[in-house]
Structures are given as structure tokens and as C-alpha cells.
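Down below is the structure, laid out as C-alpha cells.
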Amino acid sequence: MKALFHESNTKSRSPNLHLPPNTILQNINTRVVLHQQRRRNCIDNALGNITVPHFSLASLQFYPVATTRRPPKPPGIESRAAMKIVLAGASGYVGREVLNQAIVHPSISTVVALSRRPLTGPPFDHPKVKVVVVDDFETGYTPQVLEQLQGAVGCCWAIGSKFSDASTTRKVYQGYTLAAATAFSYLARNSASTFRFAHTSGFITVRDQKKSLWVLSDVRKIGGEAEVKLLDFAKANETPFEAVVLRPAGVRAKDAKMLPEWIIGTNYNVRVDELAAVLIDSVVNGVEAGRDTLENAEIVKRGRELLANTAGR
Numbered sequence: 001m002k003a004l005f006h007e008s009n010t011k012s013r014s015p016n017l018h019l020p021p022n023t024i025l026q027n028i029n030t031r032v033v034l035h036q037q038r039r040r041n042c043i044d045n046a047l048g049n050i051t052v053p054h055f056s057l058a059s060l061q062f063y064p065v066a067t068t069r070r071p072p073k074p075p076g077i078e079s080r081a082a083m084k085i086v087l088a089g090a091s092g093y094v095g096r097e098v099l100n101q102a103i104v105h106p107s108i109s110t111v112v113a114l115s116r117r118p119l120t121g122p123p124f125d126h127p128k129v130k131v132v133v134v135d136d137f138e139t140g141y142t143p144q145v146l147e148q149l150q151g152a153v154g155c156c157w158a159i160g161s162k163f164s165d166a167s168t169t170r171k172v173y174q175g176y177t178l179a180a181a182t183a184f185s186y187l188a189r190n191s192a193s194t195f196r197f198a199h200t201s202g203f204i205t206v207r208d209q210k211k212s213l214w215v216l217s218d219v220r221k222i223g224g225e226a227e228v229k230l231l232d233f234a235k236a237n238e239t240p241f242e243a244v245v246l247r248p249a250g251v252r253a254k255d256a257k258m259l260p261e262w263i264i265g266t267n268y269n270v271r272v273d274e275l276a277a278v279l280i281d282s283v284v285n286g287v288e289a290g291r292d293t294l295e296n297a298e299i300v301k302r303g304r305e306l307l308a309n310t311a312g313r
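Numbering-wise, the sequence shown is residues 1 to 313 according to this note's numbering.
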């Protein structure tokens, strides 16, 4: 362009200034075309006609092409990518569905599956999945384990079962949960982003420890106390750590045949894929400001929205 500019300035001082403006403009355009042709020839000789999709190095000029436009990101999925999340309970009914969805989630690059034993075979052998063995979910967060959790931005907690005695129930529901929350808050102490802990509880849990209950009183109160302790821990924590409690009702299979929904409503059952989608979204995108608990009907509604938006994924 420097040579072209110099050439144009030189010609402008020639006696051709008496020519009509249209002729002068045509001459300039001709020189520009010739200059571009010389540049193309030089590049062709040096590189050959190397062509990459949608752009030709030989032509050195942009031109309209027919491209396939990527569909816009659906609501509920941020533009962030390469996120590392933790999953507890990956071998369970809900956890397995969370893992399957997390593997295909565009914003998740790594899923660290916490387990008390090695897990092999599909889907645990997927390149996105890393199984970390924790011998004891209360005391097993050793420096070696924490090192493998570094960089994680959140956890989907899907550990839960039925136990015959209150002491085991308390150990799993409260001891495991709070030990994990403490370990994750330690990871978040120097993090630029907030660590989000999505905890799966149940709709029958009761937080009021003085309430009189006729059925499963101990289990329901222990679960409710675990929720309160987790949320209090998150509020009092000085590190960027957030917690949200999901309280699903009966979890059914994706293709399970149930009574018509207009009879039983959406308060007493949720599909496993709906619950898994909301667990993941609560970690990836968080929940509405000021919210820390999602009841079953909210899980169903949000889960269906997320699944509809990701149907083509």
C-alpha cells in the first residue's frame, strides 16, 4: 500500500489532471486492481493456492460465503466453557443421570466423580470423567484428594439412601454433606469464581426440629437439620461459596408410566432427567438471587425448560 500511495501521489502531479473526473477515477481503480493482481501473483508463487474454509489466501480479500450459523445458546446456559465440576453419588440412580448429562454439556469439560471405590466401564471411562476415590466421605478429604479437586467450580451432591438407624442416617445426611462443604469452601478460598454446592435432599424433610411428626420423624428431621446446617454454613462462610437445596419428591424414570399429571400434579413426582438437569444448571449458572431452596414443582418446571432447550444437543 505504501508503494501504491507513493505511485498515486506521483501520478497526481502529472499533466493528466485536465482529464474528466470519471476518467481519473477509472485510472485509479485500474491501478488498484493491477496492484492487487501483483500481490496475488506473489503469494501464489510463494505459497501456492492455499485455501482454508471460507477464506482464500490467494485472493487476500474478504468475500461473502454461505456458512452454517450456529444456533444461539439456549436460556440457562452461559457462554463460559471448560468448567470442572464435582459429582458425588455418580453410581446412584440420580447421579448416573447427572453424569450422562454433564458429559454432553457444552460448558463442562471435566466431571470429577467422588467414589469410595474405583468405577470402571461406561460412562466412567469417558474422557471427560475422572474418578477420585475417597475412602471416607467424612474424613477422607486428604491433600491428595483436594489437589485433584482444584479448579472445580461446583458440586452436584446426589448421595442419599434409606438407612435402618438414625445414627447412620445422621452420618450420611449431615456428616458427609458438611465435610464436603468444608472441603469445597477450602478450595474456593482463593478462587475468582463462586463455588456452587447443589445438594439433593427430599420434599418430606422438616427443618423445624420441634415439630411433631407421625411418620419417619427421625429421618425427616435429620434431613431437615442437614439442610439448615448447610445453608447456615454457606451464609457464614467468608469464601465465595454458595449452597442450594433441591427437595424433589418421588423420582421416576424418564419413560415411566404414571397416572395423568392433571390427577397427581407436579408436587409429588419428578423425572430423573428433570432433576439431573436442574442440579447441573444450579452449578453451572446458579439460581435466582436470594433463593436457596427449590421445591419439587419448581424442579419439574425448570427441568422441562432446560431439557427442551437442549433437545438438539
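Glycine residues also receive a C-beta, built at the ideal position from the N, C-alpha and C atoms.
Keep in mind that this is a model prediction, so the values were computed, not measured.
Taking the alpha-carbon positions, what's the residue 316 to residue 195 distance?
-> Since the displayed the chain opens at 1 and closes at 313, residue 316 lies outside it and no answer follows.
The alpha helix (DSSP H) enclosing residue 305, as first and last residue numbers | For the purposes of this step, residue 305 is taken as residue 305 along the sequence shown, with counting starting at 1. Here the alpha helix (DSSP H) through residue 305 covers 296-309.
Nonlocal neighbours in the same chain, by C-beta distance under 6 Å from residue 301, ignoring five residues either side = One-based indexing of the sequence shown puts residue 301 at position 301. Taken in chain order, the list of residues that qualify is empty.
Under the rule that 16 or more other beta-carbon atoms within 10 Å means buried, what is residue 66, buried or exposed?
-> Here residue 66 corresponds to residue number 66 of the sequence shown, with the count starting at 1. Its pLDDT being 35, under 50, residue 66 is placed unreliably by the model, and nothing is read from it.
Is it true that the stretch 179-194 meets the stretch 267-283, where meeting means three or more beta-carbon pairs spaced less than 8 Å apart?
-> no
So, do the stretch 215-225 and the stretch 172-182 have three or more beta carbon pairs nearer to each other than 8 Å?
-> yes
Can you tell me the Cβ-Cβ gap for residue 251 and residue 283, rounded? I've got them flagged as a contact below 8 Å.
-> Counting from 1 along the sequence shown, the entry for residue 251 is found at position 251. Counting from 1 along the sequence shown, the entry for residue 283 is found at position 283. Between residue 283 and residue 251 the Cβ distance is about 19 Å, and since that is not below 8 Å, they are no contact.
Tell me the DSSP bridge mates of residue 293?
-> As a position in the sequence shown, residue 293 is number 293, starting the count at 1. Looking at the DSSP output, residue 293 bridges to 245.
Determine the direct distance from the alpha carbon of residue 112 to that of residue 106, and round the result to whole angstroms.
-> Taking the first residue of the sequence shown as 1, we reach residue 106 at position 106. Taking the first residue of the sequence shown as 1, we reach residue 112 at position 112. Cα-Cα distance, rounded: 16 Å.
Give the range of the beta strand (DSSP E) segment to which residue 112 is assigned.
-> As a working mapping, residue 112 is identified with position 112 in the sequence shown. Start and end: 108-115.
Boundaries (first-last residue) of the beta strand (DSSP E) holding residue 130 = Locating residue 130 in the sequence shown gives position 130, counting from the first residue. 129-133 is the span of the beta strand (DSSP E), which, as asked, contains residue 130.
Between the CA atoms of residue 166 and residue 232 - distance to the nearest angstrom = For the purposes of this step, residue 232 is taken as residue 232 along the sequence shown, with counting starting at 1. For the purposes of this step, residue 166 is taken as residue 166 along the sequence shown, with counting starting at 1. Taking the straight line from one Cα to the other gives about 22 Å.
Tell me, please, which residues DSSP counts as bridged to residue 197.
-> Within the sequence shown, residue 197 is the residue found at index 197, counting from 1. Answer by DSSP bridge pairing, in chain order: 155, 243.
Are residue 292 and residue 244 close, meaning C-beta to C-beta below 8 Å?
-> For the purposes of this step, residue 292 is identified with residue 292 of the sequence shown, where counting begins at 1. For the purposes of this step, residue 244 is identified with residue 244 of the sequence shown, where counting begins at 1. Yes.
Taking only the alpha-carbon atoms, compute the straight-line gap between residue 83 and residue 214 and give it to the nearest angstrom.
-> Looking up residue 83 in the sequence shown gives position 83. Looking up residue 214 in the sequence shown gives position 214. If I take the Cα positions, the gap works out to 44 Å.
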